[in-house]
Amino acid sequence: MSSFFSCEDDKYSLFQGVGTINCHSSTCGQFSVCSSLAFKGQPINEIGCCREGILYPNAVSIIMYILIIPIIGVCSLGALGGGVFKRPILEAILNINSSTSGDITACLMFSAQLVNQVIILFQSHPDYPERPLVNFEIGLVYALGIPISMQIGMDLANYLPLLPLLTIQMIFFVASCPVLLYFAKSEERLENKKEKKIEVQPTQINTDDFNVETNMNDEQRISKVFKQFQDESTSRFPLLPILLAFGNFALNESIILLRTTSYQTSPYFFPNDKDFGDQFSACEPWNFYMMLLLFGVNFIFTLLVFFYMRKQELLKNTVKFNVNERYFTPRTRFFMIYGAGWATGFIAGFLGMAAGLTMFVTLMEFNLVAAAAGATANYGYFIICLQVFISFIVKETQDLTFQIGYQFFFYGIGAIGVLIFTNLGFYLIKKYNIEHIVFYVDFALVLLNMIGNVAWGIEQSERFSYHSLVYNPQSCTAQILSKSSVQ
Numbered sequence: 053m054s055s056f057f058s059c060e061d062d063k064y065s066l067f068q069g070v071g072t073i074n075c076h077s078s079t080c081g082q083f084s085v086c087s088s089l090a091f092k093g094q095p096i097n098e099i100g101c102c103r104e105g106i107l108y109p110n111a112v113s114i115i116m117y118i119l120i121i122p123i124i125g126v127c128s129l130g131a132l133g134g135g136v137f138k139r140p141i142l143e144a145i146l147n148i149n150s151s152t153s154g155d156i157t158a159c160l161m162f163s164a165q166l167v168n169q170v171i172i173l174f175q176s177h178p179d180y181p182e183r184p185l186v187n188f189e190i191g192l193v194y195a196l197g198i199p200i201s202m203q204i205g206m207d208l209a210n211y212l213p214l215l216p217l218l219t220i221q222m223i224f225f226v227a228s229c230p231v232l233l234y235f236a237k238s239e240e241r242l243e244n245k246k247e248k249k250i251e252v253q254p255t256q257i258n259t260d261d262f263n264v265e266t267n268m269n270d271e272q273r274i275s276k277v278f279k280q281f282q283d284e285s286t287s288r289f290p291l292l293p294i295l296l297a298f299g300n301f302a303l304n305e306s307i308i309l310l311r312t313t314s315y316q317t318s319p320y321f322f323p324n325d326k327d328f329g330d331q332f333s334a335c336e337p338w339n340f341y342m343m344l345l346l347f348g349v350n351f352i353f354t355l356l357v358f359f360y361m362r363k364q365e366l367l368k369n370t371v372k373f374n375v376n377e378r379y380f381t382p383r384t385r386f387f388m389i390y391g392a393g394w395a396t397g398f399i400a401g402f403l404g405m406a407a408g409l410t411m412f413v414t415l416m417e418f419n420l421v422a423a424a425a426g427a428t429a430n431y432g433y434f435i436i437c438l439q440v441f442i443s444f445i446v447k448e449t450q451d452l453t454f455q456i457g458y459q460f461f462f463y464g465i466g467a468i469g470v471l472i473f474t475n476l477g478f479y480l481i482k483k484y485n486i487e488h489i490v491f492y493v494d495f496a497l498v499l500l501n502m503i504g505n506v507a508w509g510i511e512q513s514e515r516f517s518y519h520s521l522v523y524n525p526q527s528c529t530a531q532i533l534s535k536s537s538v539q
């Protein structure tokens with residue numbers, strides 16, 4: 053509904069949201085004024101907070117946009133995403149409203165992670181140079197849980213007041229700091245113990261180890277299966293796990309897009325309530341039915357993938373291929389990894405940040421070296437970025453509030469940051485064998501997030517009162533009460 057409003061002033065062209073109508077000068081913040089509004093292009097007798105255009109050339113904006121380039125490049129090393137600069141820079145410093153900040157973040161992170169995936173595909177495992185850096189099999193298990201859990205987290209966050217949301221985020225970040233420092237020290241000790249790079253010889257097949265009859269046909273069959281698994285493990289682009297991961301994403305996302313929320317309108321369900329429009333339709337039973345369908349489809353697809361991949365791993369056991377890498381057997385190990393995927397998606401949706409951090413830390417617990425954990429976390433984070441980006445595209449198709457020129461400006465910033473700083477980071481980490489430094493980078497960025505959260509919460513309280521932090525007018529309960537009072 054806010055997309056129908058616009059600012060008449062050419063300089064102050066960014067409308068800051070329906071919550072700023074009938075504003076006071078003290079509530080608009082920096083780079084903003086109370087200015088006349090138009091509704092669907094027609095002037096109306098209302099004023100609201102209008103900010104300077106996103107690309108309006110002022111010194112602070114120029115400095116911040118330049119600063120985002122190295123930040124996004126460094127973030128991509130540790131699989132941290134847009135939350136690092138969304139709140140501290142876009143919202144707290146530049147005073148861009150949350151919706152537009154989300155649009156900017158979606159463009160930045162999609163382009164950054166798209167370029168980053170290309171770079172990662174050409175990286176080799178530090179201990180097994182013939183293998184890719186990304187572990188696609190464990191990445192598949194994470195991918196099974198991310199789309200649905202992310203949607204649940206987003207729904208909960210949308211209807212939660214700001215103060216408890218900020219408090220939960222701060223608790224999460226405070227708990228993350230000692231974990232990051234612990235892993236940094238542990239990884240540094242492991243690196244110091246390495247006297248030289250491990251030379252990995254091609255695996256020799258010893259048929260004496262196979263509990264089969266020693267006839268030529270069995271040996272040939274086992275050798276063929278072993279060779280097939282070996283080719284798949286050394287492929288830079290293993291087709292099966294990638295197709296399963298993105299097939300699951302496409303199936304989940306197609307159902308998610310059938311919902312009507314504050315950010316999109318379902319092609320099959322249009323709200324009948326003209327007074328409350330998209331906001332009230334987010335609380336309709338249709339969305340609940342779509343979530344039930346999402347659970348059912350996700351459950352069936354996950355089971356099919358689990359049993360198929362489990363059969364593959366049992367076959368690997370028979371030919372004794374990479375016996376230390378099992379993610380679908382035993383069952384308890386699969387569900388531990390799958391649970392970590394759910395935690396990753398929920399944190400991405402609920403906190404709006406720290407998804408890559410969650411993956412990075414949990415992947416280390418599943419015995420991946422830091423470089424492989426970081427690359428696999430980036431692979432999983434790309435799925436999260438893709439989900440956010442598709443939601444942004446759907447919103448833009450319906451609202452047309454974020455110009456194409458703005459989009460390509462931020463696509464370019466994200467791509468440049470990765471091409472320069474992520475590339476440089478990979479080179480330095482590999483050259484000096486300092487994988488542990490990624491944990492310290494993540495630690496510094498977590499501190500930046502904490503500072504930004506505190507600053508943004510104080511700023512919101514001063515401008516809109518403490519009541520705005522503990523009351524959420526977007527919640528279904530609040531909308532029903534408002535509707536009742538009108539009637």
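Quick note on numbering: the sequence shown equals residues 53 to 539 in my numbering.
We put the beta carbon where it would ideally sit given N, CA and C, even for glycine.
- The criterion of a C-beta distance shorter than 7 Å is satisfied by Gly408 and Leu132.
- In this structure, the beta-carbon distance from Leu521 to Leu215 falls below 7 Å.
- Distances from the alpha-carbon of Cys159 to those of Leu480, Asn485 and Phe454 put Phe454 closest.
- The three-state reading of DSSP puts Pro122 in helix, counting H, G and I together.
- The three-state reading of DSSP puts Ile486 in coil, since its state is none of H, G, I, E or B.
- With respect to the C-alpha of Leu295, the residue from Ile435, Gln203 and Gln272 having the closest C-alpha is Ile435.
- Under the three-state reduction of DSSP, Pro178 is assigned to coil, being neither helix nor strand.
- The beta carbon of Ser228 sits closer than 6 Å to those of Val498, all from its chain and outside the five residues before and after it, given in chain order.
- Each residue's CA atom was taken as its position, placing Leu119 and Glu336 some 42 Å apart.
- Rounded to whole angstroms, the gap between the alpha carbons of Val357 and Phe386 is 11 Å.
- Considering only Phe281, Glu487 and Tyr479, the residue with the shortest C-alpha distance to Val375 is Phe281.
- If you look at Asn376, you'll find it isn't in any beta strand (DSSP E); DSSP assigns it neither H nor E.
- In chain order, Thr381 place their CB closer than 7 Å to the CB of Leu366, counting only its own chain and leaving out the 5 sequence neighbours on each side.
- According to DSSP, residue pairing for Ser87 in a beta bridge involves Gly100.
- According to the DSSP assignment, Ser443 belongs to the alpha helix (DSSP H) that extends over Ala422 to Asp451.
- Contact between the stretch 183-196 and the stretch 487-496 is not established, with fewer than three Cβ pairs separated by less than 8 Å.
- Distance from the CA of Ala507 to the CA of Thr157, rounded to the nearest whole angstrom, comes to 19 Å.
- Taking all protein chains in view, the Cβ of Asn430 is crowded by 16 or more other Cβ atoms within 10 Å, so the residue is classified as buried.
- Here Pro216 is not bridged, per DSSP, to any residue.
- Leu196 is a Cβ neighbour of Asn300, given a cutoff of 7 Å.
- For Phe351, there is no enclosing beta strand (DSSP E); the enclosing alpha helix (DSSP H) has its first and last residue at Pro337 to Val371.
- Inter-residue distance for Lys483 and Glu240 is about 15 Å (C-alpha atoms, whole angstroms).
- Leu132 is bridged by DSSP to nothing; it lacks a bridge partner.
- As DSSP reads the structure, Pro382 sits in no beta bridge.
- In the structure shown, the three-state DSSP call for Cys80 is coil.
- The C-beta distance from Gly401 to Ala209 rounds to 7 Å, short enough to fall under 8 Å.
- One Cα belongs to Arg273, the other to Ser287, and the distance between them is close to 21 Å.
- Minimum Cα-Cα distance from Phe83 among the listed residues Leu146, Glu284 and Met222 corresponds to Leu146.
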